[in-house]
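Mapping the sequence shown onto this note's numbering, position 68 (from 1) lands on 62, and the numbers just tick up by one. C-beta: ideal position from N, C-alpha, C; glycine also.
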Amino acid sequence: MSRKSRRRKQSARGEITFQIEEKRPTRAFVLHVSLPSALLDRQLSSGEGTARRTQARRDPEHQLAEAVALAKALDLDIAGREIITLSKIHPATLLGPGKVEELGEHLHSTGTELVIVNTRLSPGQQRNLEKAWDVKVLDRTGLILEIFGRRARTKEGRLQVELAHLNYQKTRLVRSWTHLERQRGGFGFMGGPGETQIEADRRLISERIARLTHQLEQVVRTRELHRKARRKVPYPVIALAGYTNTGKSTLFNHLTRANVHAKNQLFATLDPTMRLVSLPHGRKVMLSDTVGFISDLPTTLVAAFRATLEEVVEADIILHVRDMSDEEEAEAQARDVEQVLGELGIDEERRDRMLEVWNKADLWTPETRARLEKLADRRPNVVITSALTGEGLDTLLERLENLLSADDEMRIMDLKPSEGAEMAWLYRHAEVLERSDSEEGSRLLLRFSPAELARAQARFGDRLREPDTSPL
Ligand SMILES: Nc1nc2c(ncn2[C@@H]2O[C@H](COP(=O)(O)OP(=O)(O)OP(=O)(O)O)[C@@H](O)[C@H]2O)c(=O)[nH]1
Ligand SMILES: [Mg+2]
């Protein structure tokens, strides 16, 4: 982010002037706390809810890198980073007093204003660390909430995030984080003058939560209506799902040539985006870009984003997009994604309606490529792509088409020359594989998806014949 930003100002006389404002990104220190799994469970349950506990299985270096990437998504200036391995939890501050002091000195000498602790902190731990270091402390939940707050685009997304944040906030008093507060135009989650949370007035927060819940219900109802309307448009829905930053939006853009926000930032997409896409043989599908997964997603957010993930649950086919530029990390991410999909009720049965997209193939070394191509060859549900170069996208579309046509059925229908409207309807709702015209009219060999066949049968009844009983 540029250090200067221009702000449009309107003078008293009505002319517009530009004022250059000096804006310095907040200096942040990112701390990853590595805990043995038994301790990790204890630490996580001291915070809100019970998130999936996958942290312990992952490489601390990767977890730190991910936390830094998350911090960068907030345009923070990363002044330092460190991994601390704990063998014991100090309930008051998580870290031991010696470590707290040592870090405190370092923070001050580097002018750090914000510390991100990449685990869940109890409200007490957060407060005590802030007091000891005299800087703002944000834990992983707070960090993800902050990013979600910035990125949410639609009304529903914004309401969901604000609600999740208020629920998180209820238990903690948050000091103003002045720099970021000025930079961001969001909800002022970090607290600021006049914000309800800074008054520590639980009652006000509860009232606001009630109001938001009500608003959200209405928005969700409207959305449900839209979804129902969409179901009537009988295009199969293909959902792009996967870990954050794996390339879902980039793929979506490539496939739809739409300009959906794709950025090298985590959680660039928070609200699902839907576009109609034509497959090579003309079949149309709804492609849906969805919010990225992340490990240890705050439970409050899992619940809040349920509506967003419903796009995935309801999809006819799920494309699980994986960033295969780092295989080890990709494995850990895939486990997280699988787990969430399981929690959403997408079980083994649906797996044959799922394609794995091994993305970022352009970053592979020749050796990696050879090995992964061999692996992919043995797995019919894997497609290798590079959303950046376009490699593999044709194959991906073909695979999609094959998957979709597995349930298709063929029918034959005769039409009189006067039945132009019927003919047009069939062209819209089925794939016309063959057509023979004569003076009496036309005979069509048609391929229907199950949904379309049902509609066609409602319209034409037994005028639709099965091909084997009456060959063309
Ligand atoms: N080298 C390479 N980079 C890619 C590829 N696909 C995506 N990227 C980059 O990866 C970053 C993340 O891409 P996005 O499409 O925003 O990822 P996403 O999965 O939508 O991320 P979220 O919306 O945060 O869940 C961007 O910088 C892309 O340019 C690829 O095939 N190769
Ligand atoms: Mg995206």
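Item	Value
Under 9 Å between C-beta atoms of V315 and L210	no
Of the residues T244, L157, K242 and S28, the one placed nearest E201, counting alpha carbons only	L157
Which of helix, strand or coil DSSP assigns to R373	coil
Where T190 falls: helix, strand or coil (DSSP)	Confidence in T190 is poor, its pLDDT being 43 and thus under 50, which makes the residue's placement unreliable; the coordinate value appears in the next sentence. In the structure shown, T190 sits in a helix (DSSP, three-state: H, G or I).
Distance, Q57 Cα to E321 Cα	15 Å
Segment limits, beta strand (DSSP E) that includes H314	I311 to D317
A83 and P54 closer than 9 Å at C-beta	A quick correction: the sequence has Ile, not Ala, at residue 83. No.
Contact test: Q57 Cβ vs ligand 3 heavy atom, cutoff 8 Å	Of the ligands one can find in the structure shown, namely ligand 1 and ligand 2, none is ligand 3.
Own chain partners of E305 with C-beta closer than 6 Å, once the 5 adjacent residues on each side are dropped	A233, P266, S282 and T284
Extent of the continuous beta strand (DSSP E) run through L439	G435 to F442
CB of E107 within 9 Å of CB of R21, strictly	yes
Cβ-based neighbour list, R347, same chain, cut-off 6 Å, excluding 5 preceding and 5 following	I311
N396, buried or exposed, once every other Cβ within 10 Å from all chains shown has been counted against 16	exposed
Beta-bridge partners of H26, as assigned by DSSP	I77
heavy atom of ligand 2 below 8 Å from A256 C-beta	yes
Residues sharing a beta bridge with F287, DSSP	Y237
C-beta contact flag for L390 and L335 at 9 Å	no
Proximity winner among S319, E350, I406 and L68, relative to P360 (alpha-carbon distances)	S319
Exposure label - P292; buried when at least 16 CB within 10 Å	buried
Validate contact between the stretch 85 to 104 and the stretch 116 to 127 using beta carbons, cut 8 Å, 3 pairs	yes
Buried or exposed (CB count within 10 angstroms, at least 16 for buried), D456	exposed
Bridge partner(s) assigned by DSSP for V155	In the DSSP output, where bridge partners are listed per residue, V155 has none listed.
For T379 and R470, the rounded distance between their alpha carbons	It is not possible to answer for residue 470, since the shown part of the chain is limited to -5 through 466.
Candidates V24, V307 and V111, of which the one nearest E343 by Cα	V307
Burial state of Q60, where buried means 16 or more other Cβ atoms lie within 10 Å	Reading off the sequence, residue 60 comes out as Glu, not Gln. So E60 ends up on the buried side.
Whole-angstrom C-beta distance between R422 and R459, which should lie under 8 Å	Their Cβ separation, rounded to whole angstroms, is 20 Å, which puts R459 and R422 out of contact at 8 Å.
T389 - containing alpha helix (DSSP H), residue span	L387 to S399
L123 to D133 span [Cα, whole Å]	11 Å
Candidates L394, W419, H248 and D341, of which the one nearest G384 by Cα	H248
Of the listed residues L137, R75, L394 and L80, nearest to V231 (C-alpha basis)	L394
Alpha-carbon to alpha-carbon, R441 and V426	6 Å
Contacts around D429, its chain only, beta-carbon distance under 8 Å, and the 5 residues preceding and following it disregarded	With the sequence shown as reference, residue 429 is identified as Arg, and Asp is not the correct amino acid for it. These residues qualify, in order along the chain: S436, R437, L438 and L439.
L245 CB to nearest heavy atom of ligand 1 below 8 Å	yes
Proximity winner among G74, L387, V351 and R365, relative to P374 (alpha-carbon distances)	V351
W127 (DSSP reduced to helix, strand or coil)	helix
Beta-carbon gap between L137 and V155 smaller than 9 Å	no
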